[in-house]
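Enquirer: Attaching a single structure in structure tokens format; questions to follow.
Numbering (the working numbering), first residue to last: 1 to 69.
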């Protein structure tokens, strides 16, 4: 299964929007010169949300993700 933005769209609009927003906040923090701790916090949240999108997509396709959080 492709793990692309198109594929992730099946994960549900709300979850996908939260992941995109988290990634946007990460980029804004990097561009604003935020502290390393703040950038890492944004990075962890964005990664978690994208993982949830991918896991949801796999479950919807009838496949089990490697690890359910």
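From the three backbone atoms N, C-alpha and C, an ideal C-beta is built for every residue, glycine too.
Assign residue 60 to buried or exposed, taking buried as 16 or more other Cβ atoms, counted over all protein chains shown, within 10 Å of its Cβ.
Expert: Residue 60 should be labelled exposed.
Enquirer: Between which two residues does the alpha helix (DSSP H) carrying residue 45 extend?
Expert: Start and end: 36-60.
Enquirer: For residue 64, which residues in the same chain have their Cβ closer than 8 Å to its Cβ, ignoring the five residues on either side in sequence?
Expert: Hits under 8 Å: 58.
Enquirer: Alpha carbon to alpha carbon, how far is residue 1 from residue 44?
Expert: Any reading at residue 1 needs caution, since the residue's pLDDT is 46, under 50, leaving its predicted position unreliable; the model's value is listed next. Straight-line Cα distance between these residues: approximately 24 Å.
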